Amino acid sequence: MTILLRQSTQWTPGRIDFRGTPMTTERSAYGTVFSYPGIGFIGTAHLENEPEELQSLTFFLDGNELNTLEATLKGKSFRFERESKIRSFILTNIIEIKNNRLYEMTTIKTIVETPLNLVYHFMHAWTPSVSELIAGNDDLPDDDIHQPLLDDEDVSRHFYINRDIDWLSIYEPDSGQFAVSRILEVPEETESISTIWNVPNTYRKYYLRAFQNQSVPKDFNGTWKMVTAFGSETPDNWQSAAKVLAKKLRD
Numbered sequence: 336m337t338i339l340l341r342q343s344t345q346w347t348p349g350r351i352d353f354r355g356t357p358m359t360t361e362r363s364a365y366g367t368v369f370s371y372p373g374i375g376f377i378g379t380a381h382l383e384n385e386p387e388e389l390q391s392l393t394f395f396l397d398g399n400e401l402n403t404l405e406a407t408l409k410g411k412s413f414r415f416e417r418e419s420k421i422r423s424f425i426l427t428n429i430i431e432i433k434n435n436r437l438y439e440m441t442t443i444k445t446i447v448e449t450p451l452n453l454v455y456h457f458m459h460a461w462t463p464s465v466s467e468l469i470a471g472n473d474d475l476p477d478d479d480i481h482q483p484l485l486d487d488e489d490v491s492r493h494f495y496i497n498r499d500i501d502w503l504s505i506y507e508p509d510s511g512q513f514a515v516s517r518i519l520e521v522p523e524e525t526e527s528i529s530t531i532w533n534v535p536n537t538y539r540k541y542y543l544r545a546f547q548n549q550s551v552p553k554d555f556n557g558t559w560k561m562v563t564a565f566g567s568e569t570p571d572n573w574q575s576a577a578k579v580l581a582k583k584l585r586d
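Numbers 336 to 586, taken from the working numbering, label the letters of the sequence shown in order.
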């Protein structure tokens with residue numbers, strides 16, 4: 336597993352590869368973005384309104400903190416801690432790769448009540464060749480979502496899933512690889528809604544939305560966690576393999 340980090344987008348991810356194949360596109364923003372009424376988007380690559388103020392960056396390779404960086408780092412484990420400030424919010428992002436899994440954690444804190452259009456985390460801009468998705472909840476195994484992801488005009492810029500789920504998976508047919516993401520933790524104060532935005536020839540982009548047309552309460556301190564892993568399987572068998580992996584990611 337390989338992750339690209341981009342200084343040009345405030346040290347947020349730029350691409351995720353598995354076995355040398357890009358599973359996501361660089362033509363997008365990753366990380367966390369806030370949307371404010373009357374202002375618009377602030378965060379990651381959204382620099383059109385206000386910059387996200389970086390506070391600290393820390394890198395670890397195989398458990399050792401790095402004082403100097405090279406363009407390419409290789410090891411058994413990698414951890415990246417990033418803290419920033421967006422208006423009244425203190426935002427902490429932690430990315431960790433270990434045991435062939437990608438762990439992402441986002442914490443936001445604020446001492447004042449703040450109205451938002453929404454905030455979204457864990458953007459994964461899956462490559463536009465991704466052809467299908469499945470998603471579900473552990474306690475409703477017969478209610479899984481299965482959706483082809485097409486390039487047809489009538490589904491262009493369409494949003495899929497749009498509900499609270501435990502896990503989701505996408506299939507990339509050219510490589511025969513799939514990805515499974517499991518949500519490990521969300522704050523109780525708000526719904527966390529999963530969405531994939533279908534933009535043909537650009538991406539099939541995942542978002543985890545929260546505080547949609549709501550105010551973040553005073554003294555809020557909340558954390559979201561997600562883990563993503565990958566596998567390889569034929570088009571006929573990938574869904575069952577993805578469901579097995581989704582169960583393993585609970586551990």
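We put the beta carbon where it would ideally sit given N, CA and C, even for glycine.
These numbers come from a predicted model, not from an experiment.
Inset, instruction - Sort T344, W346, S370 and L382 by Cα distance to S550 and report the nearest one. - result: S370
Legend entry - Buried or exposed by the 16-neighbour rule on C-beta atoms within 10 Å, applied to V368: buried
Legend entry - Proximity winner among T403, K444, S423 and G410, relative to M336 (alpha-carbon distances): Closest option to M336, Cα to Cα, is G410.
Legend entry - Start-to-end residues for the alpha helix (DSSP H) that takes in V579: W573 to K583
Legend entry - Beta-carbon proximity check, Y542 vs Y438, cutoff 7 angstroms: By the CB criterion at 7 angstroms, Y542 and Y438 fall outside the cutoff.
Legend entry - Per-residue burial, S527 [other beta carbons within 10 Å of its own, 16 or more giving buried]: It is buried - the Cβ of S527 has at least 16 other Cβ atoms within 10 Å.
Legend entry - Reduced DSSP secondary structure (H/G/I, E/B, other) of E418: Assignment of E418 by DSSP, reduced to helix, strand and coil, places it in the strand class.
Inset, instruction - Would you check if there are 3 or more beta carbon pairs closer than 8 angstroms linking the region 521-536 to the region 487-499? - result: yes
Inset, instruction - Measuring alpha carbon to alpha carbon, tell me which of V579, N572, M458 and F565 ends up nearest T355. - result: Going by the sequence as given, residue 355 is Gly instead of Thr. For G355, the nearest C-alpha among the options comes from F565.
Legend entry - CB of W573 within 7 angstroms of CB of F494, strictly: Cβ atoms of W573 and F494: not closer than 7 angstroms.
Legend entry - Length of the line joining the Cα atoms of W559 and D509: 32 angstroms
Legend entry - Meets three-Cβ-pair contact criterion under 8 angstroms: the region 384-392 and the region 410-423: Counting Cβ pairs under 8 angstroms, three or more are found: they touch.
Legend entry - Exposure label - H381; buried when at least 16 CB within 10 Å: With 16 or more Cβ atoms within 10 Å of its Cβ, H381 is classed as buried.
Legend entry - Rounded separation between S363 and T462 - CA only: 10 angstroms
Legend entry - Proximity winner among I429, L484, F546 and D501, relative to T442 (alpha-carbon distances): Check the Cα spacing between T442 and each of I429, L484, F546 and D501: the tightest is with I429.
Legend entry - Whether E387 touches Q345 by CB criterion (7 angstroms): yes
Inset, instruction - Determine the direct distance from the alpha carbon of R422 to that of T525, and round the result to whole angstroms. - result: 20 angstroms
Inset, instruction - Answer with buried or exposed for I374, where buried requires no fewer than 16 other C-beta atoms within 10 angstroms of its C-beta. - result: By the C-beta density criterion, I374 is exposed, having fewer than 16 other C-beta atoms within 10 angstroms.
Inset, instruction - Given a cut-off of 7 angstroms, decide if S504 and M561 are closer than it, judged by their beta-carbon atoms. - result: In this structure, S504 does not lie closer than 7 angstroms to M561 by Cβ.
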